[in-house]
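Working notes, structure below.
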Amino acid sequence: MQKYSKILNKYYDAENVVYITSMLQCQRYLSNGAAEDLVDILYSGTKREDTLVFVFKKTQLIQDLYKKWQAHELN
0 MQKYSKILNK YYDAENVVYI TSMLQCQRYL SNGAAEDLVD ILYSGTKRED
50 TLVFVFKKTQ LIQDLYKKWQ AHELN
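First residue of the sequence shown? That's 0 in numbering that gives the first Met the number 0, and the numbers climb one at a time after it.
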């Protein structure tokens, strides 16, 4: 299903993404080359009204960064 990002002005496949709510995790992803994989930032319609949700494409880079994040190796 295609969704449209008002913030980033592009369409993305909503079934092939991951949702990140941790600001620190998002910052580490972006600092490690994931800016091209960022497809949306949700600020309404989320489970919690007081949070931002960063949406990244499920790519090999994002999978690798997640493994490093889980192992506390992502700087």
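We put the CB at the ideal spot given by N, CA and C, even for glycine.
Residue j beta carbon less than 8 Å from that of residue i
i	j	result
Leu-51	Tyr-42	yes
Reduced DSSP category for residue i - H, G, I as helix; E, B as strand; rest coil
i	result
Lys-5	coil
Lys-57	coil
Leu-29	helix
Asp-49	coil
Leu-41	strand
Same chain, Cβ closer than 6 Å to residue i, five either side skipped, listed in chain order
i	result
Ile-6	Ile-40
Other residues of its chain near residue i: CB distance less than 8 Å, five sequence neighbours each side excluded
i	result
Val-38	Ser-4, Leu-7, Lys-9, Tyr-11, Val-16, Val-54, Phe-55 and Lys-56
Arg-27	Leu-64, Trp-68, Leu-73 and Asn-74
Contacts around residue i, its chain only, beta-carbon distance under 7 Å, and the 5 residues preceding and following it disregarded
i	result
Gln-24	Trp-68
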